[in-house]
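Everything in the sequence shown is counted per numbering that gives the first Met the number 0, starting at 0 for the first residue and increasing by one. For each residue, glycine too, the CB sits at the ideal point set by N, CA and C. No experiment lies behind these values; they were computed from the predicted model shown.
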Amino acid sequence: MKKSFQRVIATLNLFQGKQSLAIILLAAIFALSACGDDDSSSPSAKGLPAEVTDKAELETYECSMDVIGEKVYVTELEENYECDGEKWFKSYDQAKPSSTSTKSSSSKNPDGSSDSKTADKEGLSSSATGGAASNHDTVDVKIVSSGTCDCSKYKCVTTEFLNQDLLKSGKYGEFLDERDGKVYKTIVIGVGERTQTWMAQNMNFSDSVVKSHCYDKLETNCEKYGALYIYENAKGACPAGWHLPSSGEYEILSENAGGHNGLKSQYEWEKSQLDRFGFSALPAGFYKESAYKDNGDETRLWTSSLHPKRDHWVQQCDTYRLSDVDMWSGIQSWFVDESYSVRCIKDVSEKNPADTIVIKGYEGSYGTLKDERDGKEYKTVKIGPREWMAENLDYDTLNASSTSYGGKYYTANQARAVCPQGWHLPYMSEWDSLVAYVDRNRENISIASALKSTDGWNYHPDIEPGRDVFGFSGTPSGYISGTFRSGELNGNGTSGWLWARDILGSRDAQYIFKLEDADSEYEGFVDYATQIPVRCIKNLHSDYEYGTLIDARDGKKYNTTKIGDQNWMAENLDYAYLESNEEKDSLSFCLQNEPDSCAKYGRLYAYETIMDSSVRLCPSGWHIPNYTEWNQLFSYIKDDIPQQAVFCPNGLMLRSEDGWKADENGLNFYGFSILPSGYLSHDYYINGVAYLAYASDSKYKAGYLNFNYNASRFLYEFPTATSRNFAAYGIRCVQDE
Numbered sequence: 000m001k002k003s004f005q006r007v008i009a010t011l012n013l014f015q016g017k018q019s020l021a022i023i024l025l026a027a028i029f030a031l032s033a034c035g036d037d038d039s040s041s042p043s044a045k046g047l048p049a050e051v052t053d054k055a056e057l058e059t060y061e062c063s064m065d066v067i068g069e070k071v072y073v074t075e076l077e078e079n080y081e082c083d084g085e086k087w088f089k090s091y092d093q094a095k096p097s098s099t100s101t102k103s104s105s106s107k108n109p110d111g112s113s114d115s116k117t118a119d120k121e122g123l124s125s126s127a128t129g130g131a132a133s134n135h136d137t138v139d140v141k142i143v144s145s146g147t148c149d150c151s152k153y154k155c156v157t158t159e160f161l162n163q164d165l166l167k168s169g170k171y172g173e174f175l176d177e178r179d180g181k182v183y184k185t186i187v188i189g190v191g192e193r194t195q196t197w198m199a200q201n202m203n204f205s206d207s208v209v210k211s212h213c214y215d216k217l218e219t220n221c222e223k224y225g226a227l228y229i230y231e232n233a234k235g236a237c238p239a240g241w242h243l244p245s246s247g248e249y250e251i252l253s254e255n256a257g258g259h260n261g262l263k264s265q266y267e268w269e270k271s272q273l274d275r276f277g278f279s280a281l282p283a284g285f286y287k288e289s290a291y292k293d294n295g296d297e298t299r300l301w302t303s304s305l306h307p308k309r310d311h312w313v314q315q316c317d318t319y320r321l322s323d324v325d326m327w328s329g330i331q332s333w334f335v336d337e338s339y340s341v342r343c344i345k346d347v348s349e350k351n352p353a354d355t356i357v358i359k360g361y362e363g364s365y366g367t368l369k370d371e372r373d374g375k376e377y378k379t380v381k382i383g384p385r386e387w388m389a390e391n392l393d394y395d396t397l398n399a400s401s402t403s404y405g406g407k408y409y410t411a412n413q414a415r416a417v418c419p420q421g422w423h424l425p426y427m428s429e430w431d432s433l434v435a436y437v438d439r440n441r442e443n444i445s446i447a448s449a450l451k452s453t454d455g456w457n458y459h460p461d462i463e464p465g466r467d468v469f470g471f472s473g474t475p476s477g478y479i480s481g482t483f484r485s486g487e488l489n490g491n492g493t494s495g496w497l498w499a500r501d502i503l504g505s506r507d508a509q510y511i512f513k514l515e516d517a518d519s520e521y522e523g524f525v526d527y528a529t530q531i532p533v534r535c536i537k538n539l540h541s542d543y544e545y546g547t548l549i550d551a552r553d554g555k556k557y558n559t560t561k562i563g564d565q566n567w568m569a570e571n572l573d574y575a576y577l578e579s580n581e582e583k584d585s586l587s588f589c590l591q592n593e594p595d596s597c598a599k600y601g602r603l604y605a606y607e608t609i610m611d612s613s614v615r616l617c618p619s620g621w622h623i624p625n626y627t628e629w630n631q632l633f634s635y636i637k638d639d640i641p642q643q644a645v646f647c648p649n650g651l652m653l654r655s656e657d658g659w660k661a662d663e664n665g666l667n668f669y670g671f672s673i674l675p676s677g678y679l680s681h682d683y684y685i686n687g688v689a690y691l692a693y694a695s696d697s698k699y700k701a702g703y704l705n706f707n708y709n710a711s712r713f714l715y716e717f718p719t720a721t722s723r724n725f726a727a728y729g730i731r732c733v734q735d736e
């Protein structure tokens, strides 16, 4: 203000005795003091650029008493020009403005209008490299009483569509945007920590950097509804001291207003609205797919909540949508190259309450997991008795969606087979065990807060921030709904969904572990097409050591594994009883009559061979297990891992981690390594399944075990002589006691 005052005094000295001129100038001083920054003397505060290209462009800006003493640098002449109240003259002060000063638009028209107000190619695609969606903590935003600014001197945005009762009662404030001289009404909504100060009208700003355009290319629509911006330009649309709101800030606004409808203007909407809080949103419409759409029906307001870049389509960002159709209102994501409106929110003068909390986070140590498939390394953390990945999986399957918070999104079928060897997709029982352990060991914080990462989550005054006490570092990566190439990212910043392995009902849905902003239910389920991140948990007993068995009869070598008190072969038997050539051995067979199958899966043995006590199939010191010995194995697993007992009947913990269909691989907790060795039935070979025979003293109690993924039961007896005579199965041997 001091510099402005000095300029006015100097001018008065030039025009001594002209009392009326002094009165006009003093009135201008007081208007400036009430409507803007008292210390501001920049040309941009008067609607002038700091630089223009040439003298002709300078002349497009009016030199009047409003801008007396202001200087503009003419690039072509490399000189400053100053306004004397009537015309531009070469200034005595030739100091070049700083590089951060505002430059004029090169598309300025002679009448002073900007081509950026049209929906031309430049206006729709230019990047706002000079703008940012960050808070300006040091800026003192001056909001004055409504009606303070003189609309004959400043460009007051129309108040026709505001809440007229609130306007008359003085509830609105007003703010001068010094960049272009526009005056916007402001409104305070909420109480206590939830108080927010909003502009009550949409932004209508553009310059050489921040491009915008008007609905239907009509300037009158910009004056009424505000301008439309692509996301990059929206980031720079708000003046200093204000910012583009986050999704979380719009959610607080909606909660403060008791819903979306209370934020709509009383005018222009098809359904009458109350506009109880003075937010006065108009159905401004938008621009997408090369067309202006839905003016009079809805508005979409940009947020700063940008979604992670995805490989297959344009990046998305959240918007706050208000529609005549109530169910369509709320936070929704759209593509960043589409054009929507901007409403600004005032920066908080004090630090965000979440920033004042001292959050130490996890102070323990991490392990390391190296995925041998692609060489990527992940942090791991031990929480209670189990070891978890402390980051989302980022393994690139054929159709995995792109990275968010360091991990990819997977469908249910992809997720079941995507974990590295020695690790698996957790079951809900394992998620439950994690939650139970955290619940027992947390101190005065919610379970959700204890598991959430310390950053990345949207701030909300009613929800605890992430403390990451146990090092799990749960991220708000959200989920993708819809199909692979046309899905929509939801919950980014507010929810962290992770797959569980459990299938719901008839396999049309699968369970998930939900980590939300709120300390709410953790269990949910979604359909298979939903794409969700993955956290893997380390297999129990994944550090087992194999023994070795050499069959003296043919020199073949087998791995063995100790499970409880029993010592088992970890591979199916591959011993040709009659001849080494399978075509001559009528009592055992290779799957599909292919010798290589015997080397991989072992041989299939006919029922009569299994039950013939005179035939010694297993190596010396080993035998075919009977029904009791198989049950001893299952009982040991049930006692060893009680939380997993429910999964024993389908052989999950005994199946190999690979070799099955992608979503049918097992956990192989004990190195038992069952493969889909198939079986022979009535001269037909059946692939992709695993049936192992068991023996008994009574041939009527002999049978087979079903280790298949979708087995409805586990132990079977051979029911009839016919089925016995035309069946052949694999064999596992157990060591004699």
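List the endpoints of the continuous alpha helix (DSSP H) containing residue i.
i: T627; result: 626-639
i: D595; result: 594-600
i: K54; result: 54-57
i: V434; result: 427-440
i: L450; result: 446-450
i: R415; result: 411-415
Among the options, which one has its Cα closest to the Cα of residue i?
i: N592; options: D550, I502, I685, N412; result: I685
i: I740; options: D550, L572, E250, S476; result: Look at the range of the chain in this structure, 0 to 736, and you will see that residue 740 is not part of it.
i: T559; options: S480, R372, Y543, W430; result: Y543
i: D431; options: E248, L281, E522; result: E522
i: E61; options: Y678, L300, G46; result: G46
i: W241; options: M202, S613, L424, A49; result: M202
i: T298; options: L305, S289, S279; result: S279
i: G650; options: V380, A239, A689; result: A689
i: G743; options: R275, K216, S144; result: Look at the range of the chain in this structure, 0 to 736, and you will see that residue 743 is not part of it.
i: I536; options: S613, E386, T59; result: E386
i: G548; options: E570, I609, V533; result: Inspection of the sequence shows that residue 548 is occupied by Leu rather than by Gly. The shortest C-alpha separation from L548 is found at E570.
i: K167; options: Y606, S144, G180, L653; result: S144
Quick test of your reading: residue i and residue j, contact by CB under 8 Å. State the CB separation rounded to the nearest angstrom.
i: F174; j: T185; result: 5 Å
i: K599; j: L514; result: Not quite, the Cβ-Cβ distance comes to about 42 Å (not below 8 Å), so this is no contact.
i: G261; j: A199; result: So it is not a contact: roughly 14 Å between Cβ atoms.
i: R731; j: W496; result: R731 to W496, Cβ: 40 Å. No contact.
i: Y728; j: L603; result: 6 Å
i: A389; j: G470; result: 6 Å
i: R193; j: I251; result: 6 Å
i: Y574; j: R552; result: 7 Å
i: L281; j: F160; result: 6 Å
i: D501; j: Y426; result: 6 Å
i: P382; j: L433; result: The sequence as given places Ile at residue 382; Pro does not occur at that position. Confirmed, Cβ separation roughly 6 Å.
i: E77; j: S90; result: E77 to S90, Cβ: 12 Å. No contact.
Start and end of the beta strand (DSSP E) containing residue i?
i: S303; result: 297-305
i: I549; result: 546-549
i: N558; result: 556-562
i: Y693; result: 690-693
i: T379; result: 376-382
i: Y728; result: 726-728
i: N489; result: 487-489
i: Y606; result: That residue, Y606, is in no beta strand (DSSP E); its alpha helix (DSSP H) goes 606-610.
i: V71; result: 70-73
i: Q530; result: From DSSP, Q530 is part of no beta strand (DSSP E); its letter is neither H nor E.
i: T367; result: 366-369
i: Q315; result: 315-322
Specify whether the stretch 338-345 and the stretch 225-239 touch according to this definition: at least 3 beta carbon pairs, one from each stretch, less than 8 Å apart.
-> yes
Within the stretch 154-203, ranges of the alpha helix (DSSP H) (whole runs, at least 4 residues) = 163-167
Per the contact definition of three or more C-beta pairs closer than 8 Å, is the stretch 615-622 in contact with the stretch 659-676?
-> no
Three or more C-beta pairs closer than 8 Å, one from the stretch 430-446 and one from the stretch 466-475: is that the case here?
-> yes
Are the stretch 316-325 and the stretch 198-214 in contact at 8 Å, needing three or more beta carbon pairs?
-> no
What are the start and end residues of each continuous alpha helix (DSSP H) run of 4 or more residues lying completely inside the stretch 219-288, in chain order?
-> 230-233, 246-255
Determine contact between the stretch 415-432 and the stretch 548-563, defined as no fewer than three beta-carbon pairs at a distance below 8 Å.
-> no
Pair every Cβ in the stretch 487-501 with every Cβ in the stretch 321-329, then say whether three or more of these pairs are closer than 8 Å.
-> no
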